[in-house]
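Engineer: Chains as they are written, first to last, in full-length UniProt numbering: chain S, 1 to 345; chain L, 1 to 345.
The beta-carbon is built from N, C-alpha and C at its ideal position, and this holds for glycine as well.
Below is the structure I would like to discuss, written out as structure tokens.
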DNA sequence: GTGAAAGCGCTAACAA
DNA sequence: TTGTTAGCGCTTTCAC
């Protein structure tokens with residue numbers, strides 16, 4: 001059997017209180033007893049029961065990370081960072097996917113309610129009421145990679161608007177005027193599209209609504225939407241994908257139609273995931289500080305767990321362009337290739 | 001505050017024992033009290049504390065899923081399945097990555113020890129002793145996607161040997177005789193290489209050890225290893241990658257050297273992940289029943305949790321070839337393209 | 001059918 | 001510096 005605090009106490013000839021104090025570095029314990037107890041804990045390979053201490057109000061030292069799905073590699077990347085950072089601080093991470101299904105949102109939340117100390121929520125909840133109720137109950141929550149203007153809640157995001165703006169602006173600088181957009185029906189997509197619109201406007205280009213296609217959240221779905229754009233007689237010379245999935249979908253659509261990239265079509269994505277490196281040509285993308293975001297949200301949530309009264313905050317990190325071979329001037333571009341524009345800029 | 005069983009009992013004018021019985025559908029309770037209690041639980045949005053019932057020996061209804069890293073999309077895919085299946089059965093999944101670091105293996109195991117009812121382990125443990133100790137302690141464990149011949153433990157895997165054999169055999173059938181292999185230093189890689197060797201032997205082709213390169217577990221690492229193969233004057237006409245990561249690495253290496261695929265080089269991977277669909281040409285791969293594997297391992301582990309005495313078992317599922325554009329006869333192949341060989345075969 | 005009471009492993013006053 | 005004790009929220013005999 002797994003030893004309990006009683007076994008340790010008995011073996012050491014002390015009370016459980018003393019053992020508890022040693023474990024938690026609390027109170028005053030003589031060096032002699034302390035080391036003796038520690039030794040015995042080692043010997044018996046004692047591990048305190050998180051359950052029991054959780055019941056005493058110490059929390060479960062577990063955080064839930066809720067995402068829409070894990071098919072998009074960006075979520076795997078986030079998960080990786082959040083897990084690493086959480087573990088470092090002694091927290092376990094449990095992941096749950098909503099698959100954009102309101103029932104799952106609810107089931108996960110309630111299933112996890114007594115198992116976790118707080119939630120990091122990266123999935124847009126269709127049922128806003130659920131979120132509101134939790135917040136009112138004082139459950140620690142941090143929104144991640146998307147905000148909710150109407151909610152008083154901590155959040156860590158990348159500035160989607162700015163990312164959309166800069167990606168579009170860059171395409172315009174290259175000389176593109178007909179720029180398509182393939183998006184999704186999410187909050188951050190709307191923001192990126194807003195940035196796209198503004199960049200066009202600022203350059204005096206009229207936004208053509210039919211160049212904005214909103215589809216599913218799969219590569220195939222994006223390919224289909226991009227296909228509509230590429231079938232047009234006045235097809236765009238560049239496409240901005242809401243994320244790398246959308247952008248890769250656009251690339252597949254172009255490839256299927258024998259449209260060469262970047263000469264005949266420039267494509268830029270968002271998220272700067274591994275996908276960028278394996279497609280041909282390599283995909284330019286808007287890059288965000290994934291690691292920083294993950295670390296920040298974990299720290300923020302843990303602080304919130306420990307201090308419910310801490311002032312709420314929204315942290316918005318700024319994205320950068322990561323330029324690669326999928327973007328060039330319309331009609332092709334050797335100049336930029338030769339000038340060796342740094343990839344990280 | 002969150003209501004407890006006492007609040008419900010008081011509101012219903014019964015004892016906590018009665019409430020408990022209603023929750024667990026135990027004992028004999030009159031329909032009247034039962035429905036009354038249920039109604040009150042609804043009203044108060046009562047949710048039993050997993051912690052408290054876990055302390056009474058009912059388990060935490062949580063399963064740990066341990067993987068080496070999440071950079072390889074196959075693990076995200078597994079996680080997805082395991083999460084879905086686990087949730088269906090009322091279990092929460094916590095994920096932890098070892099990053100092949102013995103210290104992390106140990107830390108995760110002990111950090112999770114009192115939080116979970118059992119472990120699904122997909123990461124090769126460098127510290128076999130840890131695993132052995134857990135098994136001896138009777139902790140429910142299921143190995144996943146790799147086996148340990150020397151351990152008496154449940155496992156669910158794909159038949160790596162067969163997969164390696166069939167991939168190689170297929171390349172041979174296409175007419176390749178110089179077939180390189182890019183592997184990793186893992187148990188399943190060794191098995192796949194063993195299959196590769198046997199297939200060559202069975203066709204009377206002498207295995208050339210220098211055609212087998214074992215590198216890291218990243219795309220870049222694989223590209224480097226493949227590079228060594230491709231730099232040779234007598235470079236192979238086909239490369240079998242231990243997994244899709246390795247295969248994609250090989251493709252990048254080929255592309256960087258201007259080697260055309262599949263005409264000048266055929267490449268086949270293993271795992272049949274999303275990567276296969278976004279590279280150009282699309283990557284042939286060895287496909288495994290991911291969903292089935294995930295479902296099986298979850299069910300197996302849960303049965304083990306509920307019945308420690310259930311006979312141990314190894315379940316090995318068989319892989320299939322998923323053929324796409326990255327493989328052809330040496331020198332190019334229109335015949336097969338035209339014959340429209342089914343992709344799933 | 002229902003309830004009283006003990007106890008799971010731990011922590012935090014409060015005593016000693 | 002160390003121990004006693006009273007729970008945390010739940011389940012489970014065993015009485016009634």
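Output the distance between the C-alpha atoms of residue 243 of chain S and residue 253 of chain L, rounded to the nearest integer angstrom.
Structural biologist: One C-alpha to the other measures close to 26 Å.
Engineer: Do residue 245 of chain L and residue 72 of chain L have their beta-carbon atoms positioned less than 8 Å apart in this structure?
Structural biologist: Cβ atoms of residue 72 of chain L and residue 245 of chain L: closer than 8 Å.
Engineer: Just to confirm, is the Cβ distance from residue 241 of chain S to residue 214 of chain S under 8 Å?
Structural biologist: For residue 241 of chain S and residue 214 of chain S, no; Cβs fall outside 8 Å.
Engineer: Spatial neighbours of residue 112 of chain S within its chain, please: CB distance less than 6 Å, with the 5 preceding and 5 following residues excluded, ordered by chain position.
Structural biologist: 64.
Engineer: Taking residue 131 of chain S as the query, report the chain L residues whose CB atoms sit under 7 Å from its CB, ordered along the chain.
Structural biologist: What residue 131 of chain S touches in chain L: nothing, since even the nearest Cβ is about 15 Å away.
Engineer: According to DSSP, is residue 120 of chain S part of a helix, a strand, or is it coil?
Structural biologist: Correct three-state label for residue 120 of chain S: strand.
Engineer: Taking contact to mean 3 or more Cβ pairs, one atom from each stretch, closer than 8 Å, check whether the segment 162–169 of chain L and the segment 137–152 of chain L are in contact.
Structural biologist: The segment 162–169 of chain L vs the segment 137–152 of chain L: no contact.
Engineer: Under 8 Å, with one C-beta from each stretch per pair, do the segment 298–307 of chain S and the segment 123–142 of chain S reach the 3-pair mark?
Structural biologist: Flag = yes, the segment 298–307 of chain S and the segment 123–142 of chain S touch.
Engineer: In this structure, how does DSSP classify residue 340 of chain S when only helix, strand and coil are distinguished?
Structural biologist: Confidence at residue 340 of chain S is low in this model, with a pLDDT of 44, below 50, so its placement is unreliable and the value that follows should be read with caution. DSSP places residue 340 of chain S in coil when its eight states are reduced to three.
Engineer: Taking all protein chains shown into account, do 16 or more other C-beta atoms lie within 10 angstroms of the C-beta of residue 128 of chain L, making it buried, or fewer, making it exposed?
Structural biologist: Residue 128 of chain L is exposed by the Cβ-count criterion.
Engineer: Roughly how many angstroms separate the alpha carbons of residue 287 of chain L and residue 264 of chain L, rounded to a whole number?
Structural biologist: C-alpha separation (whole angstroms): 24 Å.
Engineer: Taking the alpha-carbon positions, what's the residue 342 of chain S to residue 323 of chain S distance?
Structural biologist: Low confidence applies to residue 342 of chain S: its pLDDT is 43, below 50, so where it sits in the model is not reliable, and the reading given next is rough at best. When rounded, the distance between both Cα atoms is 8 Å.
Engineer: Quick check: what's the CA-CA separation for residue 234 of chain L versus residue 198 of chain L?
Structural biologist: If I take the Cα positions, the gap works out to 22 Å.
Engineer: List the residues of chain L that residue 55 of chain S touches, going by C-beta distances under 8 Å, in chain order.
Structural biologist: Those within 8 Å of residue 55 of chain S in chain L are 49, 51, 52 and 55.
Engineer: Closer than 8 Å between beta carbons: that is the criterion. Which residues of the segment 88–100 of chain S meet it against chain L?
Structural biologist: If the cut-off is 8 Å between Cβ atoms, the segment 88–100 of chain S has 90, 92, 93, 94, 95, 96 and 97 near chain L.
Engineer: Which chain S residues sit within Cβ distance under 8 Å of residue 275 of chain L?
Structural biologist: By Cβ distance, chain S contributes 278.
Engineer: Look at the Cβ atom of residue 315 of chain S, then the Cβ atom of residue 291 of chain S, and state whether they are nearer than 8 Å.
Structural biologist: Contact: no.
Engineer: Go ahead and pull the three-state DSSP assignment for residue 71 of chain S.
Structural biologist: The answer is coil: DSSP assigns residue 71 of chain S none of H, G, I, E or B.
Engineer: List, in chain order, every chain L residue whose beta-carbon is nearer than 8 Å to that of residue 248 of chain S.
Structural biologist: Within 8 Å Cβ-Cβ: 278.
Engineer: Using a Cβ cut-off of 7 Å, pull out every chain L residue sitting near residue 112 of chain S, in sequence order please.
Structural biologist: Result: 92.
Engineer: Out of S:157, S:6 and S:2, state which residue places its alpha-carbon closest to the alpha-carbon of residue 294 of chain S.
Structural biologist: The candidate whose alpha carbon is nearest that of residue 294 of chain S is S:157.
Engineer: Please list, in chain order, all residues of the same chain as residue 11 of chain S whose beta carbon is under 6 Å from its beta carbon, the five residues on each side excluded.
Structural biologist: Closer than 6 Å at Cβ, skipping near neighbours: 40.
Engineer: What is the residue span of the alpha helix (DSSP H) that residue 245 of chain S lies within?
Structural biologist: First-last of the alpha helix (DSSP H) with residue 245 of chain S: 244–256.
Engineer: Going straight from the alpha carbon of residue 228 of chain S to that of residue 207 of chain S, what length do you get?
Structural biologist: Answer to the nearest angstrom: the Cα atoms are 17 Å apart.
Engineer: In whole angstroms, what separates the C-alpha of residue 35 of chain S from that of residue 17 of chain S?
Structural biologist: Taking the straight line from one Cα to the other gives about 15 Å.
Engineer: Return the chain-ordered ranges of every alpha helix (DSSP H) run that is complete within the UniProt domain "HTH lacI-type" (3–57) of chain S and spans a minimum of 4 residues.
Structural biologist: 5–12, 16–24, 31–43 and 50–53, all fully within the UniProt domain "HTH lacI-type" (3–57) of chain S.
Engineer: Let me know if residue 196 of chain L comes out buried or exposed under the rule of 16 or more other beta-carbons within 10 Å of its beta-carbon.
Structural biologist: Buried, since its Cβ has 16 or more Cβ neighbours within 10 Å.
Engineer: Could one say the Cβ of residue 122 of chain S lies closer than 8 Å to chain L's Cβ atoms, at least one of them?
Structural biologist: So, not an interface residue.
Engineer: Does the segment 47–55 of chain L touch the segment 114–128 of chain S, meaning 3 or more C-beta pairs lie closer than 8 Å?
Structural biologist: Touching, per the Cβ criterion.
Engineer: When the Cα atoms are used, what is the spatial distance from residue 57 of chain S to residue 118 of chain S?
Structural biologist: For residue 57 of chain S and residue 118 of chain S, the distance between alpha carbons rounds to 14 Å.
Engineer: Determine whether the Cβ of residue 323 of chain S lies closer than 8 Å to any Cβ atom of chain L.
Structural biologist: No, because no Cβ of chain L sits closer than 8 Å to the Cβ of residue 323 of chain S.
Engineer: Kindly list the residues whose CB is nearer than 7 Å to the CB of residue 169 of chain S, restricted to its own chain and excluding five residues on each side of it in sequence; keep chain order.
Structural biologist: Excluding sequence neighbours, residue 169 of chain S sits near 199.
Engineer: Could you list which residues in chain L have their beta carbon closer than 8 Å to that of residue 219 of chain S, in chain order?
Structural biologist: 274, 277 and 278, listed in chain order.
Engineer: Assuming residue 212 of chain L contacts residue 183 of chain L (C-beta within less than 8 Å), just tell me the rounded distance between them.
Structural biologist: Confirmed, Cβ separation roughly 7 Å.
Engineer: Leaving out five residues on either side along the sequence, give the residues of the same chain with a beta carbon under 7 Å from the beta carbon of residue 153 of chain L.
Structural biologist: If we look at residue 153 of chain L and ignore the five residues flanking it on each side, its Cβ neighbours are 135, 141, 143 and 312.
Engineer: With 16 as the cutoff for other CB atoms within 10 Å, does residue 321 of chain L come out buried or exposed?
Structural biologist: Looking at its Cβ environment, which holds 16 or more other Cβ atoms inside 10 Å, residue 321 of chain L is buried.
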